[in-house]
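For the sequence shown, the numbering used here begins at 37 and goes up steadily by one.
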Amino acid sequence: MEVDSSRISLRPFKLTDVDDFMLWAGDDQVTRNLTWKTFTSKEEALTFIKDVCIPHPWHRSICIDDRSIGFISVFPWSGDDRCKADIGYGIATKYWGQGITTRVVKIALSQVFKDFPDLVRLQAFVYVENKASQRVLDKAGFQREGLLRKYTFVKGRLVDLLLYSVLSTDSLPTDPQGSA
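Okay, structure coming up:
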């Protein structure tokens, strides 16, 4: 069953999100496609929310009815590379396949180029086997640029990554709340 898009929102994380955070950040199926490990304790999650999520300039909680079901983050580069940023996201397995992630990526696109005036390029690195994330990026208007062979170590394993990007000059979604 698809979630009504009016119930979906992005907002900064709060310490009170910890129990909802643990539902998805403590799930191996969710974190298998992320660079960070599965959270195993509420204390560890609270520390992460307090020290990483809250102070980060663009780390948002994906919410349904204001309950955290995932995250989306934009990591701006600095100095001469301030023209680019990386985007990452993850969502609770209960909400996979419902178009929510595509919607929130479109919402993020409608905002991040405004929030970071020097930003020209938003890019995503995706595991080759993560077909769902590739579909999200395709639907959100990103272009697949290529395969980065044996690009980096993730969780002790040397992996290939796909590189996707969207530019501030590209046609961005006009209806970020619309269908996926």
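Glycine is no exception: its CB is placed at the ideal position from the N, C-alpha and C atoms.
A quick note: this is a predicted structure, and the numbers were derived from the prediction, not measured.
Beta-bridge partners of L158 (DSSP): A121 and V202. In the displayed model, R43 falls within a helix according to three-state DSSP.
For D174 and D116, the gap between their C-alpha atoms comes out near 28 Å.
K167: member of the alpha helix (DSSP H) spanning K167 to K175, first to last residue. When DSSP reads this structure, Y163 sits in a beta bridge with L197. In the DSSP assignment, L184 is bridged to L197. Considering only V88, T137 and T76, the residue with the shortest C-alpha distance to G106 is T137. Scanning V148, K50, S104 and I90 for the CA closest to the CA of R118 turns up V148.
Residue pairing of C99 in beta bridges, as defined by DSSP: S45 and S104. Per the Cβ contact rule, the segment 82-90 is not in contact with the segment 120-127 (fewer than 3 Cβ pairs under 8 Å).
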